[in-house]
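Take a look at the structure below.
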Amino acid sequence: MSWTRRLLVVLAALAAALLAAPTAQAHEERPVELPDGTGSVPAHRTGEPDLLVCKGDRADFERRVAAFSARLRERNLELFDRCLKSGFRHLQQAVDAVDRPGMNIAVLPGLYEEEPSLPAPAGECARLKAPDSQLGYQILSYAQQERCPHNQNLVAILGKKNLQIEGTGAERTDVVIDAKYRKLNAIRADRSDGVYFKNFTAQRTTFNSLYVLAQDGFVIDDVLTRWNDEYGFLTFASDHGLYKNCESYGNGDSGIYPGSASNINDGYGYDVPRYSIEITGCRSHHNMVGYSGTAGDSVYVHDNEFDHNMGGASMDSAFPGHPGLPQNHARFERNLIHDNNADYYRYVADGTCAKPPVERGYEDGVVCPQISMPPGSGIITAGGNWNLYENNWIYGHRRTAFYLSAVPAFIRGEDALSKQADTSHHNRYADNHLGKDRAGNSRPNGTDVWWDGQGGGNCWQADTGASSPRTLPTCGAERGAERGAVSGGSDRLVGEPVKLAQLMVCADYNVQARRLPAGCDWYGARGIERVETQATLAISVVLALVGGVLWWRRLRGSRSATVVTALGAIGLVLDVAGSTTGLASSYVPALALLLTGVWWTGIGLVLRRGRPWLGWTTVVLGALTLLDALDKAVFMIPWIPLGPAWVRGLLGVVWVVWAVIATARHGGRGEDTGTPETAPAPEAATAPEAQTAPTASATATERAAKAPRTSEGDGA
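The sequence shown begins at 34 in our numbering and counts up one residue at a time.
What follows is the structure, encoded as C-alpha cells:
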C-alpha cells in the first residue's frame with residue numbers, strides 16, 4: 034500500500050470513528066471455533082419413534098386431536114396410549130434418556146412448560162463464575178452448560194448426535210414449548226451435530242426460542258418461534274444447516290438469525306463451491322427485522338417472505354466476538370421483501386419495554402427493538418462483501434429497498450489500518466423487481482438505494498429508480514470476478530460525510546437505558562429536528578453570512594459577482610430545504626451544489642484581480658462543488674479514494690477563515706473588482722470655503738501641469 038493510500042486509510046478510519054457510539058452487543062457467546070465442514074445436512078427419518086413425550090391429561094389430549102384427520106387422530110391416540118405406559122411427561126426427560134446417536138423423539142400435542150427446568154438456579158449452579166454480557170446474562174462455558182443445563186435453557190440438548198425431535202400434531206402450533214419468559218432459551222442444541230427439529234412451536238423467552246450452536250449439520254423444518262426478547266431462531270457458528278418452511282414473529286431482534294455461519298467461501302469471488310446454511314420457504318414478520326446475520330457468511334436465502342418488520346433483512350460486521358468477520362457471501366434470490374415499515378421504537382419511548390418481559394404485551398403485538406436500525410428498509414448491509422441480491426421482489430418501503438453502509442474494522446475489535454476500509458465491497462444488486470409486487474402492481478419504495486458511497490466493486494441494476502447517490506455503478510450482464518462486472522465503479526475509502534454524521538447520531542441507541550437519539554429520523558425526527566438539516570442549516574448560515582459580507586465589502590461593484598452571489602443564496606436555501614424533507618434521492622441537493630459551485634467559481638474569478646491567492650482558491654472550491662454535483666447527480670466519479678465532498682468540506686473551512694480576514698481589512702467598495710471608487714458629489718461650499726479649498730479638478734490640473742512630458746503626444 035502506498036504512503037498516500039495509507040494516509041487516506043488513516044483519514045478514513047478517523048472519519049469512520051463517528052460510528053463508534055456505544056451499542057449493545059447483538060449476541061454474546063463463549064469463544065467458539067467454526068466446524069471443520071466434514072458433516073452433512075441430516076435427512077428426516079420416518080418410522081416408529083424411539084422415545085415419546087406427552088402430558089398425562091387424556092381429556093385434554095382428546096380435545097386437542099379431535100379436529101385432526103381420522104388417520105392422524107388414530108395415530109396420535111395410539112401413540113398417547115404407548116406414551117402413558119413408557120413415555121415421558123417433559124421433553125427434557127426424553128432428551129436425557131437419549132443414549133446413542135440417531136434416536137427419534139416424538140412429542141405429542143400439548144403445552145410443555147417443562148416445570149422441572151423452570152426454577153431459578155440453586156446451590157452450586159447459583160454460584161457459577163463467568164463473565165457477564167452487556168445484557169446481563171452470564172456467558173457460560175460448555176462445561177458450565179453441562180453442569181447446570183437449566184440456568185439458561187428450558188430444554189438443553191448437549192452433545193447428542195443425530196437426534197430428531199418431531200411434533201406429531203396436524204400443525205406446528207399443536208405442540209408448544211413455552212419458557213414463560215423465565216429462561217434465556219427455550220431449546221438449546223449445543224455440539225449436537227445432525228439435530229433435526231420438526232413441527233412444533235417454541236416461545237416466550239428472554240433471548241431465543243430455538244438456539245443451535247457450534248454444530249456441523251442441523252435442520253429446522255416447519256417450526257414456529259415467537260414472542261422473544263431477541264431472536265426466534267438463532268443458529269451460531271454452524272455449518273451444513275437448513276431452515277425450511279419455518280415462521281417467526283414478535284421478536285425484539287430478528288426472526289431468523291444465522292450468525293457466524295461457517296466462513297467457507299472467504300477468498301472466493303461470486304462463484305463459490307457451496308453455502309454453509311440454506312434458508313427457504315420461511316416467513317418472518319412483525320419483528321424488529323425479519324432476517325439478521327452478524328457474520329452471516331455463505332448463507333443461501335431463497336423463496337422466503339420477510340414482511341411487516343421494521344426492516345426486511347440485514348447482515349453486518351458491526352459486533353465483535355463473532356467468528357468470520359467481516360460478513361461475506363450471502364446470496365438472496367426470489368424472496369418477497371415488502372412493507373417493512375413497522376415503528377416499534379415507540380414502545381421504548383413510552384416505557385413499555387422497561388417493564389418485565391411478561392408484562393410488555395408481546396402476545397398483543399409489542400416488539401422491543403434491541404439495536405439501532407433504519408426502519409422502512411428492505412435489505413440492509415452494514416459492512417459486507419461479495420453478497421448477491423438477485424431476482425427478489427422488494428417493494429412498499431417508505432425508506433429504501435437497499436441500504437448499504439461501511440463498518441470500519443475497529444468496531445469489531447481489529448485495529449490494523451489496512452482493515453479499516455475492508456467492508457462494503459463487491460456487493461451485486463441485479464435483476465430485482467423494485468417497486469412492484471409479483472402481480473405487477475406498483476408498490477414504490479421511498480428510494481431504491483441508500484448508499485454511503487464507501488467501497489469498491491459494488492453495482493446495481495440499470496433500472497434502479499430514485500436513489501442516493503442519484504446515479505450508481507451498474508452491473509454487467511454477467512457476474513464478474515472483480516471490477517469487470519461494474520460500469521463506472523467506485524473505490525471510496527470512506528463514505529459521504531453527512532451520511533457518516535447521521536450514522537453516528539443514529540447509532541447512539543440503548544433499549545435498556547431508553548435512549549433514543551435526538552436528531553435521527555430513524556426514531557421520528559422530522560424537519561429541523563434531523564441532524565442532517567441542523568448541520569446543513571448551520572453550514573448554510575455561515576456561508577450566507579460570510580458570502581454576504583464579502584460581497585458587500587468587496588464585490589458589490591461587480592455585476593457578475595452580484596448575480597452569482599444571488600445564485601449562491603438560492604443554492605443554500607435549496608440545500609436546507611432538501612435536507613428537511615429527506616430529498617436525498619432527488620435532484621434538489623445536486624441543484625443546490627450546482628448553484629453554490631457557480632457562486633464560488635464566479636466570485637473567485639472576480640476576486641483574483643485584487644487577491645489572486647484567495648481568488649484562485651475560491652475558483653478551486655467552486656470546481657470541487659461542481660464536481661460534487663456531478664458525482665451525485667450524473668455519475669459517480671470512478672476510482673477516487675475520497676469523494677469530492679470531503680475535499681470540498683476541508684477546503685471550505687479554510688476559505689471561510691480566509692474570507693473573513695479579507696472582509697475585515699480596510700478598503701472600500703470595488704477594491705477587489707477592478708472598479709474605481711466613485712466619490713459622492715460635493716455639496717455647495719460656503720464662500721469662504723470656496724476661496725480657500727482647492728477643488729478636486731483643480732488639484733488634478735495642477736498635478737498634470739507639473740508632470741514631465743515623455744512623448745510627443747503629451748504636448749499636443
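Glycine included, every Cβ here is placed at the ideal spot set by N, Cα and C.
Checklist entry - Can you pull the DSSP bridge partners for Lys469? => result For the purposes of this step, residue 469 is identified with residue 436 of the sequence shown, where counting begins at 1. Its beta-bridge partners are Ser475.
Item to check | Sequence-distant residues of its chain with Cβ nearer than 6 Å to Ala346 (five each side left out) | outcome: For the purposes of this step, residue 346 is taken as the residue at position 313 of the sequence shown. Contacts found: Gly323, Tyr324, Phe339 and Ile412.
Next on the checklist: So, with DSSP's three-state summary, where would you put Thr719?
Outcome noted: Taking the first residue of the sequence shown as 1, we reach residue 719 at position 686. With a pLDDT of only 40 at Thr719, under the threshold of 50, the placement of this residue in the model should not be trusted; the figure read from the coordinates follows. Residue state, collapsed to three classes: coil.
Item to check | DSSP-derived helix/strand/coil call for Tyr556 | outcome: Residue mapping note: residue 556 aligns to position 523 of the sequence shown, counting from 1. Here Tyr556 carries a helix assignment [DSSP, helix/strand/coil].
Checklist entry - Which residues mark the beginning and the end of the beta strand (DSSP E) in which Asn186 is found? => result For this step, residue 186 is matched to residue 153 along the sequence shown. Its beta strand (DSSP E) spans residues Asn186 to Leu191.
Next on the checklist: Suppose contacts are defined by Cβ-Cβ distances below 8 Å. Is Thr433 in contact with Pro359 by that definition?
Outcome noted: The sequence position of residue 433 within the sequence shown is 400, counting from 1. The sequence position of residue 359 within the sequence shown is 326, counting from 1. Contact flag unset, no.
Item to check | Where Cys508 falls: helix, strand or coil (DSSP) | outcome: Here residue 508 refers to the residue found at position 475 when the sequence shown is read from its first residue. Note: Cys508 maps to strand in three-state DSSP.
Checklist entry - In whole angstroms, what separates the C-alpha of Leu437 from that of Leu578? => result Taking the sequence shown and counting its residues from 1, the one referred to as residue 437 is at position 404. Taking the sequence shown and counting its residues from 1, the one referred to as residue 578 is at position 545. When rounded, the distance between both Cα atoms is 36 Å.
Checklist entry - Skipping 5 residues on each side, what residues in its chain have a beta carbon closer than 8 Å to that of Trp649? => result Stepping through the sequence shown from its first residue, residue 649 is reached at position 616. Hits under 8 Å: Gly637 and Arg641.
Next on the checklist: Any beta carbon from chain B within less than 8 Å of Asn424's own beta carbon?
Outcome noted: Among the protein chains of the structure shown there is no chain B, as only one such chain exists.
Next on the checklist: Classify Gly285: buried if its beta carbon has 16 or more other beta carbons within 10 angstroms, exposed otherwise.
Outcome noted: Reading the sequence shown from its first residue, position 252 is the one you call residue 285. When all chains shown are included, Gly285 counts as buried.
Checklist entry - DSSP three-state call for Asn109: helix, strand or coil? => result Residue 109 sits at position 76 when you count from the first residue of the sequence shown. Reduced to three states, the DSSP call for Asn109 is helix.
Item to check | Coil, strand or helix - Thr385 by DSSP | outcome: As a first step, residue 385 is located in the sequence shown; it is residue number 352 there, counting from the start. Correct three-state label for Thr385: helix.
Next on the checklist: Quick test of the definition: if touching needs 3 or more C-beta pairs under 8 Å, does the stretch 86 to 95 touch the stretch 289 to 303?
Outcome noted: By the C-beta criterion, the stretch 86 to 95 is judged not to be in contact with the stretch 289 to 303, since fewer than 3 inter-stretch pairs fall below 8 Å.
Next on the checklist: Using CA atoms only, rank isn't needed, just tell me which of Leu191, Asn368 and Pro441 is closest to Ile427.
Outcome noted: Here residue 427 refers to the residue found at position 394 of the sequence shown. Ile427 has its Cα closest to that of Asn368, out of Leu191, Asn368 and Pro441.
Item to check | the stretch 62 to 77 in contact with the stretch 116 to 131 per 3-pair CB rule at 8 Å | outcome: The stretch 62 to 77 vs the stretch 116 to 131: no contact.
Next on the checklist: Just verifying my parser: in three-state terms, what is the DSSP assignment at Glu565?
Outcome noted: Your numbering for residue 565 matches position 532 in the sequence shown. In the three-state reduction of the DSSP assignment, Glu565 falls in the helix class.
Checklist entry - Below 8 Å between beta carbons: does that hold for Val65 and Pro441? => result Along the sequence shown, one-based indexing puts residue 65 at 32. Along the sequence shown, one-based indexing puts residue 441 at 408. Their beta carbons are not under 8 Å apart, which means Val65 does not touch Pro441 by this criterion.
Checklist entry - From the DSSP output, which residues share a beta bridge with Thr258? => result Counting from 1 along the sequence shown, the entry for residue 258 is found at position 225. Per DSSP, Ala235 and Ser281.
Checklist entry - Which value, in whole angstroms, describes the spacing of the CA atoms of Thr613 and Lys532? => result The residue given as residue 613 occupies position 580 in the sequence shown. The residue given as residue 532 occupies position 499 in the sequence shown. Lys532 has its alpha-carbon roughly 14 Å from the corresponding atom of Thr613.
Checklist entry - Comparing alpha-carbon positions, which option in Gly611, Ala363 and Arg503 lies nearest Met669? => result Counting from 1 along the sequence shown, the entry for residue 669 is found at position 636. Residue Arg503 is the option with its Cα nearest to Met669.
Item to check | Alpha-carbon to alpha-carbon, Val606 and Gly560 | outcome: As a working note, residue 560 is residue 527 in the sequence shown. As a working note, residue 606 is residue 573 in the sequence shown. Gly560 and Val606: Cα-Cα distance of roughly 14 Å.
Checklist entry - Taking Ala155 as the reference, which of Pro164, Val140 and Cys181 has the closest Cα? => result For the purposes of this step, residue 155 is taken as the residue at position 122 of the sequence shown. Checked all of Pro164, Val140 and Cys181; the closest Cα to Ala155 is Cys181.
Checklist entry - Where does Ser174 land, buried or exposed, given buried means 16+ other C-beta within 10 angstroms? => result What you label residue 174 is simply residue 141 of the sequence shown in a count that begins at 1. Answer is exposed; the Cβ neighbour count stays below 16.
Item to check | Close-in-space but distant-in-sequence residues of the same chain around Glu311 (CB under 6 Å, 5 per side omitted) | outcome: Within the sequence shown, the letter at position 278 stands for residue 311. For Glu311, where only same-chain residues beyond five positions count, the Cβ hits under 6 Å are Leu275 and Tyr333.
Item to check | Sequence-distant residues of its chain with Cβ nearer than 8 Å to Ser119 (five each side left out) | outcome: In the sequence shown, residue 119 corresponds to position 86, counting from 1. Around Ser119: Leu85.
Next on the checklist: Out of Gly429, Gly486 and Ala163, which one is the CA nearest neighbour of Ala415?
Outcome noted: By one-based count along the sequence shown, residue 415 stands at place 382. The residue with the shortest Cα to Cα distance from Ala415 is Gly486.
Next on the checklist: Tell me the rounded alpha-carbon separation between Leu467 and Ser475.
Outcome noted: In the sequence shown, counting from the first residue as 1, residue 467 sits at position 434. In the sequence shown, counting from the first residue as 1, residue 475 sits at position 442. A direct Cα-Cα distance of roughly 9 Å separates Leu467 from Ser475.
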